[in-house]
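**Q** This is the structure I have questions about; it appears just below.
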Amino acid sequence: MSQLNIQTITSVGIDIGTTTTQLVISRLTIENTASGTSVPRMEITAKEVIHRSKIYFTPLLDHELINSVAVANIVKTEYDAASLTPNDIDTGAVIITGETAKKDNAKSILEALAGLAGDFVVATAGANLESIYAGKGSGAAAFSSTRHQVIVNIDVGGGTSNFAVFHEGKAVDTACLNVGGHLIEFEPRSDKITYISKPAQKILTACGLTLSVNDHASMTQLRLITKTMAECVLELLNQNRLTPITQELLMTQSIRSPFSFHKVMISGGVADYVYTEIEPLSVEEVTCFGDLGPLLGWELGKKVVASGYSLEKPTETVRATVIGTGTQSVNLSGSTIHVSEQTLPLRNVIVLAPFATSENIPYQNISLPIIKAVQSLQEDGTNPYIALSIKGPQTMAFADIQALARGILEGMRDYLEEDKPLILILEDDCGKVLGQSIEALALGPIEVICIDQVVVDECDYIDIGKPLMGGRVVPVIMKTLVFNR
Amino acid sequence: MTAEGNGQLETLIIQSVLEELSKNGLFDSKNKQQVVNSAVQVINSAASVPITPLIPEDEETVTLPTDEIMVDNPFNLEAIRAMKKTTPARIGIGRAGARQKTVSWLRFLADHAVAKDAVFVDVSEDFLKRMNLVAVTSAAQDKEQFLTNPELGRRLSEEGVRIIKEKCSKNPQVQICVVDGLSSSAIEANIPDLLPALIQGLNSIGLKIGTPVFIKHGRVWVQDQVAKLVDAEVVISLIGERPGLGTAESLSAYMIYRPNENTVEADRTVISNIHKGGIPPAEAGAHLVDVLEQILKVKVSGVKLNQK
């Protein structure tokens with residue numbers, strides 16, 4: 042058909058972490074992968090990283106506040122290095138991770154990057170999403186799907202350790218622990234402490250150490266601290282009862298993996314010291330970057346293996362999160378139905394699931410739960426864009442699809458009167474016929490976007506970009522994730 | 011075999027058996043009449059007892075497991091599970107020695123039987139009435155002719171021509187034909203959900219639809235004759251595919267823009283694999299609307315459409 046069958050887009054991923062700030066630019070190829078005798082299926086078929094930035098120390102104004110102007114300068118410098126201008130960037134994501142995510146930095150960074158990072162770059166945050174991006178960037182997700190083995194990726198950065206359990210390429214659980222290599226800072230290559238973060242203070246107390254800024258730490262003390270940190274990580278991995286210190290450092294729920302596992306992959310800044318043969322022996326070797334990273338990596342690797350796990354090597358270590366963010370944050374909608382270019386992009390669309398997940402809806406009761414769910418969202422006086430997440434009709438029979446279409450139109454009547462597009466997230470393969478039925482049954486013109494459920498699994502906010510491939514798909518970017526909703 | 015007279019046939023058989031035996035010295039012929047009489051008596055009393063089947067009636071239907079992993083002690087069960095999800099092929103079924111297990115073999119035979127049935131049964135009258143289709147036949151007079159002489163399935167019977175001229179509206183933009191082809195099961199399984207979705211979609215973009223017809227014993231090319239008879243811009247045939255061992259319910263949609271004497275196979279656009287395990291029929295109906303709209307817009311179909 043006279044339609045574009047291949048297109049490339051350029052995506053930027055920016056990771057602003059506790060310790061480091063990085064950027065990657067990648068080229069994504071979108072293709073119709075279905076044969077000519079089938080319904081077209083647009084997929085991202087290739088992801089090529091075309092530029093990796095240097096690894097910068099995150100510019101901070103103080104220990105809490107990111108220097109967003111300096112971040113913007115980093116981005117400018119790296120675009121120049123890649124010979125690209127902001128106009129060349131189609132999409133992307135900024136992920137603010139680790140300790141920095143706790144602080145109120147996102148807004149100032151987005152403002153500083155406005156106009157710099159292309160038309161459609163979104164800020165994402167949240168420990169769950171960060172864990173998943175890290176595991177996708179490290180190669181753990183791919184390992185689980187090619188080897189058909191469950192694997193846990195632990196991305197140990199400066200401020201946090203992010204866990205993600207992967208089964209057949211899909212994250213099935215995540216967790217985040219406030220353990221990282223940069224929680225205590227030193228004068229580089231010396232034993233003099235220059236900063237102790239709040240979580241580090243808790244760890245020191247748990248070890249029975251009374252170190253403070255300007256104190257000199259011994260190798261024995263550093264070993265005790267990093268061993269305690271590594272034990273906290275192992276407690277989560279073992280899914281046993283947590284000790285009080287681990288509980289205090291836990292930033293999300295603990296791991297409750299639906300699958301047992303014995304493969305572990307470690308990425309992040311300390312990962313290079315997990316997979317090394319050379320043990321850091323002196324305080325000077327440990328604090329070569331002004332933190333505890335090398336020793337934490339060494340102790341962690343030893344403990345993981347000693348606990349009977351098999352340690353797999355990641356394809357990326359310190360860059361795992363930024364590569365995951367740059368290459369994995371953009372997804373395609375699936376069977377988009379009908380939406381005008383002016384309506385897009387849409388930002389901060391709330392994903393609403395009015396029905397119990399994965400249950401097919403008894404079709405006499407479609408509209409009421411939708412009305413209730415929409416009203417509960419609008420209780421605080423806001424009027425956000427909503428994407429309805431629904432498994433599908435009761436059966437794939439035409440009559441049931443019609444009933445679902447009618448129920449949705451009735452349930453969303455007030456919402457649609459404001460000329461907002463109807464956004465549907467469907468698990469069953471019925472996007473085209475449901476969209477067509479809604480258009481046929483609606484009284485006036487209506488805009489409908491259908492998104493495949495796999496694209497936005499377990500996500501509670503999405504952004505939707507401008508149409509691609511001659512209007513046949515729209516890019517969808519996940520913003521935050523919740524498990525066990 | 012029914013008993014003739016007072017067991018004359020049985021008597022004859024027994025007598026001849028006894029003669030053979032006495033020839034070989036295995037039977038003393040002086041007791042002959044007595045033995046024959048008692049044997050016939052036994053046979054007659056047995057005949058009055060009803061024959062009981064070996065399998066009790068309520069156990070005649072056996073459901074075979076379809077999607078079971080039957081590999082003994084698999085090294086990586088997760089891997090088999092993931093691979094089985096990607097294909098309906100018979101993988102992960104284990105083996106008994108060098109051969110397949112009994113369940114797999116029975117499943118194979120059952121699927122083969124379903125495939126054969128799909129070819130040999132007819133689409134029911136009741137179904138045609140429910141779908142409100144004008145029914146005609148091809149020039150093939152029965153299944154035998156249809157299967158052995160493909161040419162006959164490619165044109166309408168004389169009566170079929172007359173019925174279409176009489177009952178179908180002229181000059182439609184889209185003429186819909188439902189054709190049994192090689193699987194009547196595919197028609198009954200898919201058309202109830204596909205046809206309403208197709209018609210709804212065509213109506214909503216304001217296309218003029220002809221009177222849908224059903225052609226019994228039809229093949230793909232019969233659509234050319236129908237298109238010419240009603241002078242349709244584009245004709246679409248929803249036709250049962252040759253059944254396979256994976257499914258017997260797969261349907262294809264063949265579309266062609268203004269077929270004429272120069273038409274070749276490459277002029278047809280096809281969407282195949284429509285069934286509940288492939289493209290779901292209702293979803294296919296909605297997609298076909300897009301394809302038909304595209305064909306009408308550029309006024310070509312088949313390979314030329316892909317090149318536009």
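If you're matching them up, the sequences are chains A and B in order.
Under the working numbering, think of the first position of the first sequence as 42, with each following residue one higher.
Under the working numbering, think of the first position of the second sequence as 11, with each following residue one higher.
In this text, a Cβ means the ideal position worked out from N, Cα and C, and glycines have one as well.
To the nearest angstrom, how far is the alpha carbon of GLU171(A) from that of GLN419(A)?
**A** In a straight line, the C-alpha of GLU171(A) is about 29 Å away from that of GLN419(A).
**Q** Determine the DSSP secondary structure at THR49(A), reduced to helix, strand or coil.
**A** It is a strand residue.
**Q** Compare the Cα-Cα distances from LEU192(B) to each of ILE219(B), LEU157(B), LEU204(B) and report the closest residue.
**A** If we check each option's Cα against that of LEU192(B), LEU157(B) comes out closest.
**Q** Per DSSP, CYS491(A) is paired with what?
**A** In the DSSP output, where bridge partners are listed per residue, CYS491(A) has LEU465(A).
**Q** Check the Cβ-Cβ distances between LYS286(B) and every residue of chain A, and say whether any is below 8 Å.
**A** Answer yes: the Cβ-Cβ gap between LYS286(B) and chain A drops below 8 Å somewhere.
**Q** Would you report the Cα separation of LEU450(A) and ARG278(B), rounded to the nearest angstrom?
**A** Cα to Cα, the separation comes out at about 38 Å.
**Q** Give the single residue among ALA271(A), GLN262(A), PRO81(A), SER370(A) whose Cα lies nearest to the Cα of PRO516(A).
**A** The residue with the shortest Cα to Cα distance from PRO516(A) is SER370(A).
**Q** Would you say LYS413(A) lies against chain B (beta-carbon separation less than 8 Å)?
**A** No, LYS413(A) does not count as interfacial toward chain B.
**Q** With a threshold of 16 other CB atoms inside 10 Å of the CB of ILE346(A), please say whether the residue is buried or exposed.
**A** The residue asked about is misnamed: residue 346(A) is Val in this sequence, not Ile. Per the 10 Å Cβ criterion, exposed.
**Q** Is the beta carbon of GLN235(B) closer than 8 Å to that of LEU166(B)?
**A** Yes, the pair counts as a contact, with Cβ atoms nearer than the cut-off.
**Q** Check whether the Cβ atoms of ASP203(B) and PRO291(B) sit closer than 8 Å, and answer yes or no.
**A** Their beta carbons are under 8 Å apart, which means ASP203(B) touches PRO291(B) by this criterion.
**Q** Going by the CB atoms, is the gap between LEU263(A) and VAL327(A) shorter than 8 Å?
**A** Yes.
**Q** Among all the DSSP beta bridges, which residues are the ones paired with LYS318(B)?
**A** None, per the DSSP bridge assignment.
**Q** Note down, one range per segment and in chain order, each beta strand (DSSP E) of at least 3 residues found wholly within the segment 81 to 116 of chain A.
**A** With a minimum length of 3 residues, the continuous beta strand (DSSP E) runs that stay inside the segment 81 to 116 of chain A are 83 to 93.
**Q** Tell me which residue opens and which closes the alpha helix (DSSP H) that VAL363(A) is part of.
**A** Unbroken alpha helix (DSSP H) run through VAL363(A): 361 to 369.
**Q** Can you tell me the Cα-Cα spacing of SER408(A) and THR436(A), whole angstroms?
**A** Whole-angstrom Cα-Cα distance: 17 Å.
**Q** Return the bridge partner residues of HIS208(A) from the DSSP annotation.
**A** The partner list for HIS208(A) (beta bridge, DSSP) reads LYS211(A).
**Q** Three or more beta-carbon pairs under 8 Å between the segment 352 to 365 of chain A and the segment 504 to 519 of chain A, yes or no?
**A** No, the segment 352 to 365 of chain A is not in contact with the segment 504 to 519 of chain A.
**Q** Could you tell me the alpha carbon to alpha carbon distance between GLY254(B) and VAL131(B), rounded to whole angstroms?
**A** Each residue's Cα considered, the two are about 16 Å apart.
**Q** Closest Cβ-Cβ distance between GLU480(A) and chain B: below 8 Å?
**A** By this cut-off, GLU480(A) is an interface position.
**Q** Pick out whichever of GLY211(B), SER247(B), ASP241(B), VAL301(B) has its Cα sitting closest to the Cα of VAL223(B).
**A** When only C-alpha atoms are compared, the closest one is SER247(B).
**Q** Among all the DSSP beta bridges, which residues are the ones paired with VAL392(A)?
**A** Answer is ALA428(A), bridged to VAL392(A).
**Q** Going along the chain, which residues of its own chain have a beta-carbon closer than 7 Å to the beta-carbon of LYS309(B), five neighbours each way excluded?
**A** Correct list, in chain order: TYR267.
**Q** Return helix, strand or coil for ALA134(A), following the three-state DSSP convention.
**A** The answer is strand: DSSP assigns ALA134(A) an E or B state.
**Q** Going by the beta-carbon positions, is the gap between VAL116(A) and LEU157(A) smaller than 8 Å?
**A** Result yes, Cβ atoms of VAL116(A) and LEU157(A) sit closer than 8 Å.
**Q** Using the C-alpha atoms, what's the distance from ILE219(B) back to LEU212(B)?
**A** So the two alpha carbons sit approximately 7 Å from each other.
**Q** Just verifying my parser: in three-state terms, what is the DSSP assignment at THR12(B)?
**A** Note that THR12(B) scores a pLDDT of 45, beneath 50, so its modelled location is shaky; the value from the coordinates is reported in the next line. The answer is coil: DSSP assigns THR12(B) none of H, G, I, E or B.
**Q** If I'm right that ASN46(A) touches GLU72(A) with Cβ under 8 Å, what's the distance once you round it to whole angstroms?
**A** ASN46(A) to GLU72(A), Cβ: 7 Å. Contact.
**Q** Who are the neighbours of ILE289(B) on chain A, taking C-beta pairs under 9 Å?
**A** Simply SER79, VAL80, ASP470.
**Q** Express the C-alpha separation of MET141(B) and ILE173(B) in angstroms, rounding to a whole number.
**A** Cα to Cα, ILE173(B) sits roughly 17 Å from MET141(B).
**Q** For PHE224(B), name the three-state secondary structure that DSSP assigns.
**A** It is a strand residue.
**Q** Our contact map puts GLN304(B) next to VAL245(B) with C-beta atoms below 8 Å; I'd like the distance itself, whole angstroms only.
**A** Actually they are not in contact, since the Cβ atoms of GLN304(B) and VAL245(B) sit about 15 Å apart, beyond 8 Å.
**Q** Quickly, what does DSSP pair ASN203(A) with across the bridge? List them, please.
**A** DSSP output for ASN203(A) lists ASP196(A), CYS217(A) as bridge partner(s).
**Q** If contact means a Cβ-Cβ distance below 9 Å, which residues of the segment 195 to 212 of chain B contact chain A?
**A** Answer set for the segment 195 to 212 of chain B: PRO202, ASP203, LEU204, LEU205, PRO206, ALA207, GLN210, GLY211.
**Q** Should SER214(B) be flagged as near chain A, meaning a C-beta pair shorter than 8 Å?
**A** Cβ-Cβ to chain A under 8 Å: yes for SER214(B).
**Q** Any chance the segment 91 to 110 of chain A sits against the segment 286 to 300 of chain B, with 3 or more Cβ pairs inside 8 Å?
**A** Not touching, per the Cβ criterion.
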